[in-house]
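With the numbering used here applied, the sequence shown covers 480 to 824.
The beta-carbon is built from N, C-alpha and C at its ideal position, and this holds for glycine as well.
Comments concern the structure below.
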Amino acid sequence: MLGEACCFTILYVLLCLIVIFPPDEIAGMGLTVEKLLASFLGSEIMNFVQYHQRRTTATVLVHSLLIPGYLLWMRQTQPGVYSWMFHLPTFAIGTTVLLFLSPVLVALCLALWWHHNNWSQHPLSKSLTHFLDERQASHPHSWLALATEINIQYRRVDKLSTQISSTSQLVAIDSWLIQVNSYQVCVLPLEDTLVVLEGAINNTLDTRPFSAGGSAQILKLRARCVSKNVPDLSFRLSSTLMSELERKLVIPVLNSGQVVVQKSLADQFLEVFLKTVSENPPYLEKPNERREEACIGCMSAPSNVKLDRRCRVLGVERPAEGGGEAQCVACSCRPMWCVTCLSKW
């Protein structure tokens with residue numbers, strides 16, 4: 480009986496580890512806290528901050544139920560051991576029940592405290608108040624202004640959002656760097672964030688192609704706020720996503736370990752594309768054309784590239800049907816794209 484109880488105990492521990500650290504297969508089946516409680520948590524796209532306030536609270540409550548769940552597990556699988564436990568002295572039974580139920584009581588009190596006063600006591604709300612001045616931080620709901628800013632920026636399609644582990648996610652939006660974990664969400668303003676590249680790991684076990692997110696190099700990074708005394712963020716990122724992160728950062732990445740970063744397939748194509756464009760002859764603007772405008776792709780860089788048909792020069796024009804004049808004609812459009820956006824499209 481004791482041997483069977485040990486086996487079922489080990490099995491329950493493994494099930495708990497799967498719940499706390501769900502693998503990709505379990506997450507794909509929707510057996511996670513986020514999927515099972517989706518109706519309660521709401522939309523992450525529309526309300527990123529409020530969603531993760533509810534998610535972290537629900538995760539703490541669900542994980543606290545795993546400890547008393549062991550008693551129910553033993554009652555169903557090992558009724559002999561379960562009945563033996565209740566033949567112990569009353570003091571021992573009371574102490575055991577209290578130990579198993581105390582995590583649930585603590586988690587419930589913590590959830591009520593976090594939810595008090597419109598989530599103003601939640602760690603994420605407290606973290607946002609660090610980046611307000613003293614006058615604004617004194618107001619209990621001052622963090623809502625920053626939360627609204629994060630919610631709006633997270634809805635944009637140009638954000639960087641990647642899963643860096645089974646329980647951790649990295650998000651880089653226009654003004655914030657965010658690390659999402661099971662029980663907490665850490666935020667840093669990009670204008671005051673210095674990212675340090677500390678090392679790299681050659682990931683020979685990842686056989687996925689670049690298009691599927693595979694990478695042979697994992698970078699070890701640390702982000703620190705240079706203006707506020709807040710904890711640093713340590714995370715690992717695929718080298719294929721490093722260029723996307725650098726585009727969001729205001730302060731350039733500090734390569735303290737002199738690490739040679741492997742370029743992604745898109746970056747390699749961009750490098751060759753830029754070299755090819757630089758070898759082409761420059762486009763001469765016509766007198767009646769307007770001056771450079773912002774790129775219609777990113778709306779930040781000037782439009783500095785134009786597609787110019789040169790089939791007549793290269794001798795590859797095709798005759799029209801019926802033997803008429805060739806179909807190839809010059810494009811009269813003005814430059815509308817920057818070279819980086821054109822390479823992506």
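Suppose you measure from the CA of residue i to the CA of residue j; what does that come to, to the nearest Å?
{"i": "Ser661", "j": "Ala537", "result": "10 Å"}
{"i": "Pro568", "j": "Thr575", "result": "11 Å"}
{"i": "Val664", "j": "Phe527", "result": "11 Å"}
{"i": "Leu544", "j": "Ile775", "result": "52 Å"}
{"i": "Gly433", "j": "Leu550", "result": "Because the chain here runs from 480 to 824, residue 433 falls outside it and cannot be looked at."}
{"i": "Gly736", "j": "Asn759", "result": "38 Å"}
{"i": "Arg533", "j": "Phe579", "result": "24 Å"}
{"i": "Ser645", "j": "Ser757", "result": "43 Å"}
{"i": "Gln741", "j": "Gln555", "result": "53 Å"}
{"i": "Gly507", "j": "Lys514", "result": "10 Å"}
{"i": "Val659", "j": "Pro761", "result": "47 Å"}
{"i": "Leu496", "j": "Leu490", "result": "10 Å"}
Any idea if residue i is buried or exposed, counting beta-carbon neighbours within 10 angstroms, 16 or more meaning buried?
{"i": "Trp592", "result": "exposed"}
{"i": "Gln557", "result": "buried"}
{"i": "Met778", "result": "exposed"}
{"i": "Val585", "result": "exposed"}
{"i": "Phe714", "result": "buried"}
{"i": "Pro814", "result": "buried"}
{"i": "Leu712", "result": "buried"}
{"i": "Pro501", "result": "buried"}
{"i": "Lys727", "result": "buried"}
For residue i, which residues from the same chain have a beta carbon less than 8 Å from its beta carbon, with the 5 sequence-adjacent residues on both sides left out?
{"i": "Leu716", "result": "Thr641, Ile643, Leu649, Ile697, Leu698, Leu700, Leu724"}
Among residues of its own chain, excluding the 5 on either side of residue i, which ones have a beta-carbon nearer than 7 Å to its beta-carbon?
{"i": "Leu607", "result": "Trp622, Leu625, Ala626, Val666"}
{"i": "Phe752", "result": "Ser822"}
{"i": "Val705", "result": "Asp671, Leu673"}
{"i": "Val583", "result": "Ser543, Leu544, Pro547"}
{"i": "Val732", "result": "Val674, Leu676, Glu725"}
{"i": "Asn597", "result": "His620"}
Do we get a CB-CB distance below 8 Å when we pair residue i with the residues of chain B?
{"i": "Tyr662", "result": "Protein chain content of the structure displayed is limited to a single chain, and chain B is not contained in it."}
Would you identify the three-state DSSP class for residue i, choosing helix, strand or coil?
{"i": "Ile652", "result": "coil"}
{"i": "Gln529", "result": "helix"}
{"i": "Gln632", "result": "helix"}
{"i": "Val740", "result": "coil"}
{"i": "Leu658", "result": "With the sequence shown as reference, residue 658 is identified as Gln, and Leu is not the correct amino acid for it. Note: Gln658 maps to strand in three-state DSSP."}
{"i": "Phe500", "result": "coil"}
{"i": "Ser604", "result": "helix"}
{"i": "Gln555", "result": "helix"}
{"i": "Ala780", "result": "coil"}
{"i": "Thr511", "result": "coil"}
{"i": "Arg813", "result": "coil"}
{"i": "Pro582", "result": "helix"}
{"i": "Pro547", "result": "helix"}
{"i": "Ile643", "result": "coil"}
{"i": "Val674", "result": "strand"}
{"i": "Cys485", "result": "helix"}
{"i": "Leu728", "result": "coil"}
{"i": "Pro668", "result": "strand"}
So which of the options has the shortest CA-CA distance to residue i?
{"i": "Ile629", "options": "Met525, Leu490, Leu494, Cys774", "result": "Met525"}
{"i": "Pro602", "options": "Arg813, Glu677, Gln529", "result": "Gln529"}
{"i": "Trp655", "options": "Ser647, Pro668, Thr646", "result": "Pro668"}
{"i": "Met553", "options": "Glu483, Pro502, His594, Trp598", "result": "Glu483"}
{"i": "Val738", "options": "Asn596, Gln747, Ile657, Met721", "result": "Met721"}
{"i": "Thr719", "options": "Val729, Asn708, Leu744", "result": "Leu744"}
Report all residues from its chain with a CB closer than 6 Å to the CB of residue i; omit the five preceding and five following residues, and keep chain order.
{"i": "Leu520", "result": "Tyr530, Arg533, Arg534"}
{"i": "Leu749", "result": "Ser822"}
{"i": "Ile657", "result": "Val650, Val666"}
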